[in-house]
Amino acid sequence: ENIQFYKNESNSLECYGWCDPAGNGKKSDFTSTTILGIDKHERKAYVLISDNRVLSSRQIIDNVVDLQRRFRCKKFGFETNGGQFHLKNWLLEAAFDAGVHMPLKGHHNSKNKEDRIESLELPIENGQILLHEDQVILIQQLEDFPEGLNDDAPDSLEGCYMLSRLAKQKSEKSGGARTNRRAIRGQNERRRNH
């Protein structure tokens, strides 16, 4: 991998989060949580946090709520594969109790994991995704991929990058304006009836 690094991130970042919890009964798997800061002017994604630890369900919830409190992510994705869908509701409840706005989006990955991680190669090589040299686990797993034992950190990074790109595409399609599908459908119905 031709990984590019940053020393200081930009000051005007829009943040996105992603949590890929270890599956049920997989005590050796890492729960991987990523925070990306997107600089729209530079068109760069800064990996602000790549947190890879073995965590209990309670620790996952506390960690995600704390990260959302700190970074105020525009969206926070949460992988629901591997029987972890129940954590989504617990996360929302914990965030509500803590007074933290939690724009949580559950996601069930159906695309092949290797293909997902391989999709990071060009954005990383082109400097669209910048890492910090302290993110040792993420760097090691990217360098070892696909032969490495673990790939939780790159998989979480891909989920977060995908979430930020989807949000950008949605914003571009609507011209930055919020769209109300019901109102648009209603306008179309009225036009057909007249």
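According to my numbering, the sequence shown is numbered sequentially starting from 96. Where is the CB? At the ideal position from N, CA and C, for every residue including glycine. Quick caveat, the model's predicted, so the values are computed rather than measured.
Task: Under the three-state DSSP convention, the category F191 falls into - done: In this structure, F191 counts as helix in the three-state DSSP scheme.
Task: A248 versus I219: straight-line alpha-carbon distance, rounded - done: Straight-line measurement puts the Cα of I219 at about 14 angstroms from the Cα of A248.
Task: E174 (DSSP reduced to helix, strand or coil) - done: It is a strand residue.
Open item on the list: Here's the rule: buried if 16 or more other CB atoms are within 10 angstroms of the residue's CB, otherwise exposed. What is P116?
Closed with: Buried, by the Cβ-count rule.
- [ ] Return yes when the Cβ of N184 is within less than 7 angstroms of the Cβ of N204, no when it is not.
- [x] Not in contact: N204 and N184 (Cβ atoms no closer than 7 angstroms).
Task: Alpha-carbon to alpha-carbon, D124 and E216 - done: Pairing E216 with D124, the inter-Cα distance amounts to about 23 angstroms.
Open item on the list: I need the boundaries of the alpha helix (DSSP H) containing V142, first residue and last residue.
Closed with: No alpha helix (DSSP H) holds V142; the beta strand (DSSP E) holding it covers K139 to R148.
Open item on the list: Three Cβ pairs or more, each shorter than 8 angstroms: is that satisfied between the region 186 to 201 and the region 156 to 163?
Closed with: Touching, yes.
Open item on the list: Whole angstroms are fine: how far does the CA of A193 sit from the CA of V149?
Closed with: Rounded to whole angstroms, V149 to A193 spans 23 angstroms at the Cα level.
TODO: Inspect the CB distances between the region 221 to 231 and the region 136 to 154 and report whether three or more fall short of 8 angstroms.
DONE: With the cut-off at 8 angstroms, the region 221 to 231 and the region 136 to 154 touch.
TODO: Keeping to the same chain, check which residues put their C-beta closer than 6 angstroms to that of I166; ignore five residues upstream and five downstream.
DONE: The question names Ile, yet the displayed sequence has Phe at residue 166. These residues qualify, in order along the chain: C110 and I130.
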